[in-house]
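These notes concern the structure reproduced below.
Residue numbers (the numbering used here): 148 to 316.
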């Protein structure tokens, strides 16, 4: 049932989570009006968010935070520098990362200062093109100072096959 300004409760909730997690204003850019939701049959909680049958993001059941897809990352691409939740890697590693391989600290050229272990991050190449999305295992400062070890556990690379249509939608 639409409430307060015509926004559904689900849309308001998911935009609020995005603003909290990624930064103010990100929720509206990431989730415009017209997004659809799938809910858990068991708990009734939001599980996936789609726009025109393209998966933008999922909700982690353990903490209720957002995990992005490549399509979702593309929607906030222009904001990632300001948000500080990006990792720039050298072109020598870009192909492997875009296939879904982990980002090693030795390949990191820049990392947002806001990044903490466990944060959702967007991995970009030297030209600013999105390569992958994943979870930071190190802080932004650690990514730059460490010369060994995994910096980002990639969940989805650009060149991997993507999901498109929701079940039952």
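All residues carry an ideal CB built from backbone N, CA and C; glycine is no exception. The structure presented is a predicted model; accordingly, all values stated were derived computationally and were not measured.
Applying the 10 Å Cβ sphere with the 16-neighbour rule, what's the burial state of residue i?
i, result
"residue 197", "buried"
"residue 338", "The question about residue 338 has no answer here: the residues shown for the chain are numbered 148 through 316."
"residue 267", "buried"
"residue 304", "buried"
"residue 190", "exposed"
"residue 162", "buried"
"residue 195", "buried"
"residue 181", "exposed"
"residue 165", "buried"
"residue 156", "exposed"
"residue 275", "exposed"
In the DSSP assignment, what are the bridge partners of residue i?
i, result
"residue 195", "185 and 205"
"residue 224", "None, per the DSSP bridge assignment."
"residue 268", "281"
"residue 304", "279"
Tell me which residue opens and which closes the alpha helix (DSSP H) that residue i is part of.
i, result
"residue 230", "227-230"
"residue 162", "156-169"
"residue 240", "238-245"
"residue 287", "287-292"
Spatial neighbours of residue i within its chain, please: CB distance less than 6 Å, with the 5 preceding and 5 following residues excluded, ordered by chain position.
i, result
"residue 168", "212 and 213"
"residue 287", "258, 259, 260 and 262"
"residue 237", "254 and 256"
"residue 187", "194"
Return the chain-ordered list of same chain residues with a C-beta closer than 8 Å to the C-beta of residue i, the five sequence neighbours on each side being excluded.
i, result
"residue 251", "240, 295, 296, 297 and 298"
"residue 310", "Note that residue 310 scores 49 on pLDDT, short of 50, meaning its location in the model is unreliable; the coordinates nonetheless yield the value given after this. Once the five neighbours on either side are set aside, the close Cβ partners of residue 310 are 202 and 216."
"residue 280", "214, 215, 216, 217, 219, 220, 267, 268, 269, 270, 301, 302 and 303"
"residue 173", "165, 166, 223, 226 and 230"
Start and end of the beta strand (DSSP E) containing residue i?
i, result
"residue 277", "277-283"
"residue 215", "213-215"
"residue 174", "Note, residue 174: premise wrong, no beta strand (DSSP E); alpha helix (DSSP H) at 173-177."
"residue 257", "255-258"
"residue 248", "Unbroken run through residue 248: none, as it is neither H nor E."
Skipping 5 residues on each side, what residues in its chain have a beta carbon closer than 7 Å to that of residue i?
i, result
"residue 233", "227, 259, 268, 269 and 271"
"residue 264", "283, 284, 285 and 286"
"residue 153", "Confidence at residue 153 is low in this model, with a pLDDT of 42, below 50, so the placement of that residue is unreliable and no value is reported for it."
If we cut at 9 Å on Cβ distances, does residue i have a partner in chain C?
i, result
"residue 300", "This model lacks chain C altogether; it includes just one protein chain."
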